[in-house]
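Each residue of the sequence shown is one higher than the one before, starting from 1 at the first, in the UniProt record's numbering. Backbone N, C-alpha and C fix where the C-beta goes; we use that ideal spot for every residue, glycine too. Written out below as structure tokens is the structure these notes cover.
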Amino acid sequence: MSYADVYQSWKSDPDAFWMQQAEAIDWVEKPSKALFDETAPLYEWFVDGKLNGCWNAVDRHVEAGRGSQVAIIHDSPVTGTVQKITYAELRNRVALLAGALRARGVEKGDRVIIYMPMVPQALEAMLACARLGAIHSVVFGGFAAHELAVRIDDAQPKAIIAGSCGIEPGRVVQYKPLLDAAIEQSAHKPEFCVIFQREQEVARLIEGRDYDWHAFQYGVAPAECVPVEGNHPAYILYTSGTTGQPKGVVRPTAGHLVALNWSMKNVYNVDPGDVFWAASDVGWVVGHSYICYAPLVHGNTTIVFEGKPVGTPDAGTFWRVMQDHKVRSFFTAPTAFRAVKREDPDGLLLKTYDLSALETVYLAGERADPDTIHWAQRMLDKPIIDHWWQTETGWPIAANPVGVELLDVKVGSPSVAMPGYDVQVLDEAGHPVKPGELGAIAVKLPLPPGTLPGLWNAEARFRKSYLDHFPGFYETGDAGMIDEDGYLWIMARTDDVINVAGHRLSTGAMEEVLANHPDVAETAVIGVSDPLKGQMPVGFVCLTKGVNRAHDEITRECVAMVRDQIGPVAAFKLAVVVDRLPKTRSGKILRATMVKIADGEAFKMPATIDDPVILDEIRTALQTVGLARETA
Numbered sequence: 001m002s003y004a005d006v007y008q009s010w011k012s013d014p015d016a017f018w019m020q021q022a023e024a025i026d027w028v029e030k031p032s033k034a035l036f037d038e039t040a041p042l043y044e045w046f047v048d049g050k051l052n053g054c055w056n057a058v059d060r061h062v063e064a065g066r067g068s069q070v071a072i073i074h075d076s077p078v079t080g081t082v083q084k085i086t087y088a089e090l091r092n093r094v095a096l097l098a099g100a101l102r103a104r105g106v107e108k109g110d111r112v113i114i115y116m117p118m119v120p121q122a123l124e125a126m127l128a129c130a131r132l133g134a135i136h137s138v139v140f141g142g143f144a145a146h147e148l149a150v151r152i153d154d155a156q157p158k159a160i161i162a163g164s165c166g167i168e169p170g171r172v173v174q175y176k177p178l179l180d181a182a183i184e185q186s187a188h189k190p191e192f193c194v195i196f197q198r199e200q201e202v203a204r205l206i207e208g209r210d211y212d213w214h215a216f217q218y219g220v221a222p223a224e225c226v227p228v229e230g231n232h233p234a235y236i237l238y239t240s241g242t243t244g245q246p247k248g249v250v251r252p253t254a255g256h257l258v259a260l261n262w263s264m265k266n267v268y269n270v271d272p273g274d275v276f277w278a279a280s281d282v283g284w285v286v287g288h289s290y291i292c293y294a295p296l297v298h299g300n301t302t303i304v305f306e307g308k309p310v311g312t313p314d315a316g317t318f319w320r321v322m323q324d325h326k327v328r329s330f331f332t333a334p335t336a337f338r339a340v341k342r343e344d345p346d347g348l349l350l351k352t353y354d355l356s357a358l359e360t361v362y363l364a365g366e367r368a369d370p371d372t373i374h375w376a377q378r379m380l381d382k383p384i385i386d387h388w389w390q391t392e393t394g395w396p397i398a399a400n401p402v403g404v405e406l407l408d409v410k411v412g413s414p415s416v417a418m419p420g421y422d423v424q425v426l427d428e429a430g431h432p433v434k435p436g437e438l439g440a441i442a443v444k445l446p447l448p449p450g451t452l453p454g455l456w457n458a459e460a461r462f463r464k465s466y467l468d469h470f471p472g473f474y475e476t477g478d479a480g481m482i483d484e485d486g487y488l489w490i491m492a493r494t495d496d497v498i499n500v501a502g503h504r505l506s507t508g509a510m511e512e513v514l515a516n517h518p519d520v521a522e523t524a525v526i527g528v529s530d531p532l533k534g535q536m537p538v539g540f541v542c543l544t545k546g547v548n549r550a551h552d553e554i555t556r557e558c559v560a561m562v563r564d565q566i567g568p569v570a571a572f573k574l575a576v577v578v579d580r581l582p583k584t585r586s587g588k589i590l591r592a593t594m595v596k597i598a599d600g601e602a603f604k605m606p607a608t609i610d611d612p613v614i615l616d617e618i619r620t621a622l623q624t625v626g627l628a629r630e631t632a
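Okay, here's the thing in structure tokens:
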């Protein structure tokens, strides 16, 4: 079947399409139908079915005679270790941990917060919760104590499972003092904590509350899988909200498993037994979907990578991992490739590794600029597939369905909508715009299986954040267009569409031009307030390693390129060179925060920021060009 056939088969009979995909999942009780729409616009899937997430991810492969296949490869350049865990070993480890949690009173529906580094035990903790029907909430290891406390009070966990530390290039990050401070600050107190002690930092345990990971499991009986309803939450994952209060995205069990399993072959083109690597962290949605659940449910080998794209030890670490473990399909964020490109623009390190097993590379997490894609295409000579999705959706909204058919790649576009997603571009009044016109990207309800049915204990906020602006649609918060061929183009977050003298312009389009400058490794464009034009674009550029030309010469060239390729209407007159851009730990550039600095507005330090010092560097850079206003 072609992509058009598959998409049409969904569109003509959505219920039959998803019931067919559900056949690939093991059920304790099969659902009577796919979609339950009695409470529209709040939709749910496979509600009356019963199943278990851990069984589908682990036990069924062992029962099918594939227990000796490697399930998890832990590759940790920061500790210099590699560990392989088979499906049979994983089942035993998860069942024992689940048994220990059950012995301490953790039951179906209880919440458990997981605060771990990139170690296999993080996945084991997630799966142990799924085995019991407990709802896990993974918080990025090393998150500030206050932010962890906010999540403790919202999720109200019975237990917390944490690592003693995380390991960054050149330093050890102690997790336990942050955990202790968070519990002290929070109104809700967990009944107990389980601490996985690492040799790089052995944490002090609080008697009566804290248990050592290994001692906690000693002498307990392993737990069997507990069946849960199709709409039972598998997990809560907090994503930053505009109010500063995080939003707890809820992931229902059945739809999650069905959609993820479908995506592994149809989007990522891997077969059971293949090695799949998503270079992310368990604290992010990519880590949930494509490090833990999807590869394991589909019977792949998944890689848990504890390192960075550069500095552990160098910009060749990605290629080394792909060679050593024969990775077939690789998924990372564009920012990771930009870091590698900046350190090794000519791919000299790449030439020393054998990547013959690698077939396809996937980019997501932020807009993939064409310059980065072109660089990756030249270096790897493999298909470089941009795709687009969100924490809220849990799996791709738009992609090139390589496992169905490799469509023409249009560089800069994540290609086409996946089955389940009726993607439309709307004007402010909620009317579809013409092909090629910029507007708000929305998805016609219902959203497909695996997407969020709501926020944890916050239905009113869910409606306001996603449903109220365009009735009958899910508002993505992204802006872009659909071209004549049906390809989607993500140009910016809706907030990043700036208004210059009445012209709506995409900062993403300007960034695309700047990224084509031969000396520029990475770029961001923001709109700062201007009394005459309303907003004025300002470009920030990071230079490729080894460039030693005069900065004012480079910025003059950048301004000329934007004016030449987008036109005087952009009013692009100012670019500034900076060493680095402020980002979240997942690699998203904090453009909104940069705007607030430029406009002199007070702002809350983003909880997910990688290094707060960078904001001072941005302020200084803006001051040098007379743009940083005094904070009100």
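Inter-residue Cα distance where the pair is P383 and Q377: For the purposes of this step, residue 383 is taken as the residue at position 383 of the sequence shown. For the purposes of this step, residue 377 is taken as the residue at position 377 of the sequence shown. Cα-Cα distance, rounded: 7 Å.
A279 vs T332 beta-carbon contact at 7 Å: Residue numbering aside, residue 279 sits at position 279 when the sequence shown is read from its first letter. Residue numbering aside, residue 332 sits at position 332 when the sequence shown is read from its first letter. Yes, the pair counts as a contact, with Cβ atoms nearer than the cut-off.
Buried versus exposed call for R549 [16 or more other C-beta atoms within 10 Å across all chains shown]: Residue mapping note: residue 549 aligns to position 549 of the sequence shown, counting from 1. Counting Cβ neighbours within 10 Å, R549 comes out exposed, since fewer than 16 surround it.
Endpoints, beta strand (DSSP E) assigned at Y211: Taking the sequence shown and counting its residues from 1, one reaches residue 211 at position 211. Annotation for Y211: the continuous beta strand (DSSP E) segment containing it runs D210 to D212.
Cβ pair P449, V258 closer than 7 Å: Against the sequence shown, residue 449 aligns to sequence position 449. Against the sequence shown, residue 258 aligns to sequence position 258. Yes, the pair counts as a contact, with Cβ atoms nearer than the cut-off.
When C193, I597, V47 and V220 are compared against A103, the one with the closest alpha-carbon: Taking the first residue of the sequence shown as position 1, residue 103 is located at position 103. Of the residues C193, I597, V47 and V220, the one whose Cα lies closest to the Cα of A103 is V220.
Coil, strand or helix - Q174 by DSSP: Taking the first residue of the sequence shown as position 1, residue 174 is located at position 174. The answer is strand: DSSP assigns Q174 an E or B state.
Reduced DSSP category for Y238 - H, G, I as helix; E, B as strand; rest coil: On the sequence shown, residue 238 is found 238 positions in, with the first residue counted as 1. DSSP places Y238 within a strand segment (E or B) once states are collapsed to three.
Beta-bridge pairing of H74 - partner residues as DSSP gives them: Position 74 of the sequence shown, counting from 1, holds the residue named residue 74. DSSP output for H74 lists Q83 and V304 as bridge partner(s).
Stretch-stretch touch, CB-based, cutoff 8 Å, three pairs: the segment 21-41 with the segment 423-434: The segment 21-41 is not in contact with the segment 423-434.
Sequence-distant residues of the same chain with beta carbon closer than 7 Å to A632, five excluded per side: Numbered from its first residue, the sequence shown carries residue 632 at position 632. With a pLDDT of 41 at A632, under the threshold of 50, the modelled position of that residue is not reliable, and no figure is offered here.
L296 to N92 span [Cα, whole Å]: Mapped onto the sequence shown, residue 296 falls at position 296. Mapped onto the sequence shown, residue 92 falls at position 92. CA-CA distance, L296 to N92, rounds to 15 Å.
Nearest-angstrom Cα separation, counted from Y466 out to T476: Along the sequence shown, one-based indexing puts residue 476 at 476. Along the sequence shown, one-based indexing puts residue 466 at 466. Within the model, the alpha-carbon separation for T476 versus Y466 is close to 7 Å.
Nearest neighbour of E392, chosen from C193, Q197 and L455 [CA to CA]: Against the sequence shown, residue 392 aligns to sequence position 392. Closest option to E392, Cα to Cα, is L455.
G283 - containing beta strand (DSSP E), residue span: Here residue 283 refers to the residue found at position 283 of the sequence shown. Counting along the chain, G283 sits inside no beta strand (DSSP E), nor does DSSP assign it H or E at all.
For M418, three-class secondary structure by DSSP: To locate residue 418, count along the sequence shown from 1; it is residue 418. M418 carries a coil assignment under DSSP once its states are collapsed to helix, strand and coil.
Nearest-angstrom Cα separation, counted from N457 out to I114: Along the sequence shown, read from residue 1 onward, the residue named residue 114 stands at position 114. Along the sequence shown, read from residue 1 onward, the residue named residue 457 stands at position 457. CA-CA distance, I114 to N457, rounds to 19 Å.
V547 to K11 span [Cα, whole Å]: One-based indexing of the sequence shown puts residue 547 at position 547. One-based indexing of the sequence shown puts residue 11 at position 11. Across the structure, V547 and K11 are spaced so that their CA atoms are roughly 52 Å apart.
Exposed unless 16 or more other CB atoms sit within 10 angstroms - verdict on R556: Here residue 556 refers to the residue found at position 556 of the sequence shown. The residue is exposed, with fewer than 16 neighbouring Cβ atoms inside 10 Å.
Short Cβ contact (7 Å threshold) for E306 with V78: Walking along the sequence shown from the start, residue 306 turns up at place 306. Walking along the sequence shown from the start, residue 78 turns up at place 78. Yes, the pair counts as a contact, with Cβ atoms nearer than the cut-off.
Runs of beta strand (DSSP E) lying entirely within the segment 315-386, each at least 3 residues, in chain order: Whole beta strand (DSSP E) segments, 3+ residues: 329-332, 360-363 and 384-386.
Residues sharing a beta bridge with F540, DSSP: In the sequence shown, residue 540 corresponds to position 540, counting from 1. Per DSSP, A524 and V576.
Nearest residue (CA-CA) to V194, options W262, P446 and E124: Your numbering for residue 194 matches position 194 in the sequence shown. When each option's Cα is compared against that of V194, the closest is E124.
Segment contact, 8 Å Cβ cut-off, at least three pairs: the segment 197-212 with the segment 164-176: Below 8 Å, enough C-beta pairs join the segment 197-212 and the segment 164-176 to call them touching: three or more.
Outcome for Q83 when other beta-carbon atoms lying within 10 angstroms are tallied against a minimum of 16: Counting from 1 along the sequence shown, the entry for residue 83 is found at position 83. The residue in question, Q83, is exposed, as its Cβ has fewer than 16 Cβ neighbours within 10 Å.
Opposing strand residues paired with T584 [DSSP bridges]: Within the sequence shown, the letter at position 584 stands for residue 584. T584 pairs with I609.
Cβ-based burial, L622 [other Cβ within 10 Å; buried from 16]: Against the sequence shown, residue 622 aligns to sequence position 622. Flag for L622 reads buried.
I25 - DSSP class collapsed to helix/strand/coil: Position 25 of the sequence shown, counting from 1, holds the residue named residue 25. Of the three classes helix, strand and coil, the one that applies to I25 here is coil, per DSSP.
Supposed contact pair P313 and P453 - C-beta distance, whole angstroms, cut 8 Å: For this step, residue 453 is matched to residue 453 along the sequence shown. For this step, residue 313 is matched to residue 313 along the sequence shown. Actually they do not touch by this definition, with Cβ atoms about 44 Å apart.
Boundaries (first-last residue) of the alpha helix (DSSP H) holding R563: Locating residue 563 in the sequence shown gives position 563, counting from the first residue. From DSSP, the alpha helix (DSSP H) with R563 extends over H551 to Q565.
Closest residue to V525 among D13, A515 and T317 (Cα-Cα distance): One-based indexing of the sequence shown puts residue 525 at position 525. Residue A515 is the option with its Cα nearest to V525.
For A632, the three-state DSSP class (helix, strand or coil): Within the sequence shown, numbered from 1, the residue matching residue 632 stands at position 632. For A632, the predicted structure reports a pLDDT of 41, less than 50, and the residue's modelled location is therefore unreliable. The matter cannot be settled from this model.
L447, DSSP secondary structure in three states: Position 447 of the sequence shown, counting from 1, holds the residue named residue 447. In the structure shown, L447 falls within a coil segment according to DSSP collapsed to helix, strand and coil.
Among A134, P169, V173 and D153, nearest to G141 - alpha-carbon criterion: Taking the sequence shown and counting its residues from 1, one reaches residue 141 at position 141. Looking only at A134, P169, V173 and D153, the smallest Cα-Cα distance to G141 is reached by V173.
Identified DSSP bridge partners for Y115: Counting from 1 along the sequence shown, the entry for residue 115 is found at position 115. Its beta-bridge partners are A162.
I373 burial status per 10 Å Cβ neighbour count (16 or more: buried): As a position in the sequence shown, residue 373 is number 373, starting the count at 1. Sixteen is the threshold: when 16 or more other Cβ atoms of the shown chains lie within 10 Å of the Cβ of I373, as they do, the residue is buried.
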